[in-house]
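In what follows, a structure is listed as structure tokens, so that the remarks can point back to it.
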Amino acid sequence: MAAYFDFLSKILFDTFVFLVFLMAIYNVKFSQIAKRLPPLLLLTLPVSLIATVTDSMLIFTLITYIYCFVFYSLVFRYPPMKIITGYAITLIIMTILNLIQMVVIMQFTDNPFTNTSTYITEAMAFIIAILLYKFGHMDKLYDALIVKNQVSRNIILAVFALMVSMVLYQRISPKDFMNIFMTFLFIVILILILYSGMYKNYMSLRESRKQLQSYEQYLPIIEDLIDQVRMRQHDYNNELQAISMLPISYTDYDSLAAALSNELDTSCNDHVIKNSYLLRINMKLIAGFLFSKMNLAQEHNINLDIDVKNSTLTSKAAEFELLDVMSILVDNAFDATEDGGMIKVIIDSDGKTTTVETFNAGSQLTAEMRKNFFAKGYSTKPLKDGAYSRGIGLYKLKQLTSKYHGEILLDNQTVDGQNCIHFVVSI
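Note that UniProt numbering has the sequence shown beginning at 1, numbered continuously upward.
Right under this line is the structure:
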């Protein structure tokens, strides 16, 4: 009977320690799951009974893993893969903590497996679990390692599978534990080395794919501009010939000046000729993007003023990343500008970084708005149904700028007597 209660207390304690870790990882409050716990804790009774009557540690360990999966699935009600990945991270953290504590305890005693040492280890684990739950931001760690990164998720699952296999094998052959442990460490290190190489290739491939998508989207636009300029050159030659004939058609100075002024105004205001300077920009993705926005502005009767002060753009960021920065700023300006409005874009480069400035009509920014502008999910853009869209553009802009140690400035400026929202990004 004493053995039964020993197992029961051990299982209950481990269950609660893992529960606190998982609550931290999933960012779940205790009040959200409190009502589910009492009936589910009854599962510990048959598990403790099996631990008491069975002589096979392998069977007991298998039942324990099954119990953990069922228990936490019923408590959190998440998909199986989310339960497994959360449990895997918890088990890895617990193992690392136990190893550290064991090394520390061995400094004071030759036998780290006494009851006193075990109680100290378990108490420390529980305290660390509570601290991580309160202050550790474990949900962000889970999001970074599992949700956003497939490679690290696979590494964690592989290490978890090895740990479970090692524990199960140790239950069969307890005497070979040290050999098993060393083999486990070797395999884990090998996996990390292999996956680090795979991760670099994965990131390189992902960037290449993004760049290819950008080229597929904007190169046809710049090619269209080139074709239009070529076609316009033929018309331009005819216009020059017509201008050369004006003195024959108009003999007095005033009529000749008026006709000449009219011809020049027509040529200078031509949409294609006016924007052909974009072809001098060394980054063709940027040129294609700007020309597409010029066409969009013309469709919506928006006065889009683009001033490219230096056609040779340089940046630490890749061209498609600089395009992302520019598209976020310009798209935001378009979203905030009604038909007939004004947008001004200034692009410059000092040989090391590229600076993009945008001006568009907007309200006076408060300190609270400045603080929230770059927060994930914050947006002031109304949707048709009256709701608000989830803003991720400026959040992504901040991430890209921080990645290359760039700068962002947000303030209000007055342009032609109109209050404008002014962005400056150097990257």
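Cβ coordinates follow ideal geometry from the N, Cα and C atoms, glycine included.
Alpha-carbon spacing of residue i relative to residue j, whole angstroms
i: F30; j: L194; result: 39 Å
i: I93; j: R36; result: 26 Å
i: A258; j: I222; result: 35 Å
i: Y119; j: V188; result: 29 Å
i: R390; j: F160; result: Per-residue confidence for R390 stands at a pLDDT of 46, beneath the threshold of 50, marking its modelled position as unreliable; the derived number appears in the next sentence. Cα to Cα, R390 sits roughly 36 Å from F160.
i: V356; j: K284; result: 16 Å
i: K134; j: M326; result: 39 Å
i: Q150; j: D335; result: 34 Å
i: K316; j: S196; result: 24 Å
i: V345; j: L304; result: 8 Å
i: T366; j: N282; result: 38 Å
i: K293; j: P220; result: 14 Å
i: T116; j: R153; result: 36 Å
i: residue 429; j: L45; result: Shown here, the chain extends from 1 to 427; a query on residue 429 therefore has no answer.
i: N301; j: D339; result: 6 Å
i: N179; j: L22; result: 31 Å
i: K376; j: L394; result: 8 Å
i: I63; j: N98; result: 22 Å
i: D385; j: I66; result: Model confidence at D385 stands at a pLDDT of 44, short of 50, so the residue's coordinates are unreliable and nothing is read from them.
i: residue 445; j: I11; result: In the structure as shown, the chain starts at 1 and stops at 427, and residue 445 therefore has no counterpart that could be examined.
i: Q296; j: D331; result: Checking the sequence shown, residue 296 turns out to be Leu, not Gln. Near 11 Å, if we compare the C-alpha coordinates of D331 and L296.
i: V75; j: F289; result: 50 Å
i: A158; j: N201; result: 19 Å
i: H131; j: F186; result: In the sequence on display, residue 131 carries Leu and not His. Rounded to whole angstroms, L131 to F186 spans 32 Å at the Cα level.
i: V415; j: D224; result: 33 Å
i: M369; j: I50; result: 60 Å
i: A287; j: D411; result: 27 Å
i: I96; j: L212; result: 42 Å
i: L145; j: H137; result: 13 Å
i: A129; j: T15; result: 12 Å
i: L383; j: T337; result: Any reading at L383 is ruled out, since the residue's pLDDT is 45, under 50, leaving its predicted position unreliable.
i: I89; j: N372; result: 32 Å
i: L168; j: P79; result: 25 Å
Cβ-Cβ distance between residue i and residue j below 7 Å
i: residue 428; j: A333; result: Nothing about residue 428 can be reported from this structure: the residues present for the chain run from 1 to 427 only.
i: L91; j: I172; result: no
i: Q101; j: M124; result: yes
i: L162; j: F184; result: yes
i: residue 471; j: Q298; result: There is no way to answer for residue 471, as the model of the chain reaches only from 1 to 427.
i: S73; j: I84; result: no
i: K398; j: F374; result: yes
i: L192; j: E321; result: no
i: N27; j: D143; result: no
i: S48; j: L19; result: no
i: I343; j: V308; result: no
i: L313; j: S349; result: yes
i: L323; j: S214; result: yes
i: F291; j: L279; result: no
i: I25; j: G86; result: yes
i: F71; j: L43; result: yes
i: T54; j: F60; result: yes
As assigned by DSSP and simplified to three states, the class of residue i
i: T90; result: helix
i: F423; result: strand
i: V28; result: coil
i: T358; result: strand
i: N310; result: coil
i: S9; result: helix
i: I281; result: coil
i: K403; result: helix
i: T366; result: coil
i: G136; result: coil
i: A318; result: coil
i: Q107; result: coil
i: L383; result: Only weak support is given to the placement of L383: the predicted model assigns it a pLDDT of 45, under 50, and the value that follows is read from those uncertain coordinates. Coil at L383, not helix or strand.
i: K210; result: helix
i: S204; result: helix
i: T15; result: helix
i: T337; result: coil
Which residues DSSP lists as bridging residue i, in chain order
i: residue 432; result: Given a span of 1 to 427 for the chain in the structure shown, any question on residue 432 remains unanswerable.
i: I146; result: The partner list for I146 (beta bridge, DSSP) is empty, contrary to what the question assumes.
i: Q413; result: C420
i: E349; result: Reading the sequence as shown, one finds Ser at residue 349 and not Glu. Note: S349 sits in a beta bridge opposite T354.
i: I408; result: V425
CB contact check: residue i to chain C, cutoff 7 Å
i: Q364; result: In the displayed structure, chain C is absent; only one protein chain is listed.
Contact test: residue i Cβ vs the ligand FMN heavy atom, cutoff 6 Å
i: F18; result: As presented, the structure is devoid of all ligands, the ligand FMN included, so that no description of it is given.
Ignoring anything shorter than 4 residues or poking outside the region 35-80, list the alpha helix (DSSP H) runs there in chain order. 37-40, 44-53 and 57-76
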